[in-house]
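Here is the structure we will look at.
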Amino acid sequence: MKTYAVIGLGKFGFHIAKGLAEQGMDIIAIDNDPHKIQVISDYIEDALILDSTDIKALQEAGVVGLDTVIISIGENIEASILTLMALKELDNKTIIAKAITLTHGEILARLGAFKESL
1 MKTYAVIGLG KFGFHIAKGL AEQGMDIIAI DNDPHKIQVI SDYIEDALIL DSTDIKALQE
61 AGVVGLDTVI ISIGENIEAS ILTLMALKEL DNKTIIAKAI TLTHGEILAR LGAFKESL
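Residue numbers for the sequence shown follow full-length UniProt numbering, beginning at 1 and rising by one.
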């Protein structure tokens, strides 16, 4: 079975994580907000409060060598970029990242996030 992580559980990330869980996928849900973790815990057993920019915390949480990681961090561009860099170090296969501007998206793509041309 493919393994996934969703990092950032705002509206977008919550619905992605919940949808994957409803399809029976193996998911790790991550956010630094305890309330968001509490809410997603109704759908996902492996929901963790941690700082996704901390490579050691990601490693301890098992976010290593996963099939797909989705970064859905909203407006914190720095956290988004640092999270991507940490995930690349941990040999995750496919990383999809939400961008809030075209420039942000270009930076994420150059750092190794999956890029789909529309």
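Backbone N, C-alpha and C fix where the C-beta goes; we use that ideal spot for every residue, glycine too. Fair warning: this is a prediction, and the values are worked out from it, not measured in the lab.
Between the beta-carbon of A86 and the beta-carbon of L58, is there less than 8 angstroms?
-> yes
Classify T94 as helix, strand or coil using the three-state DSSP reduction.
-> strand
Between which two residues does the beta strand (DSSP E) carrying T68 extend?
-> T68 to I71
Spatial neighbours of T83 in its chain, beta-carbon cut-off 7 angstroms, leaving aside the 5 residues before and after | I7, S52, T53, I71 and I73
Mapping DSSP to helix, strand and coil, what is I27?
-> strand
For I28 versus L9, is the C-beta spacing smaller than 8 angstroms?
-> no
With DSSP as the reference, please indicate the residues paired to T3 in a beta bridge.
-> D26
Sorted by chain position, which residues of the same chain lie with C-beta nearer than 7 angstroms to A21's C-beta, five sequence neighbours on each side aside?
-> I27, Y43 and I44
Tell me the DSSP bridge mates of A47?
-> A29
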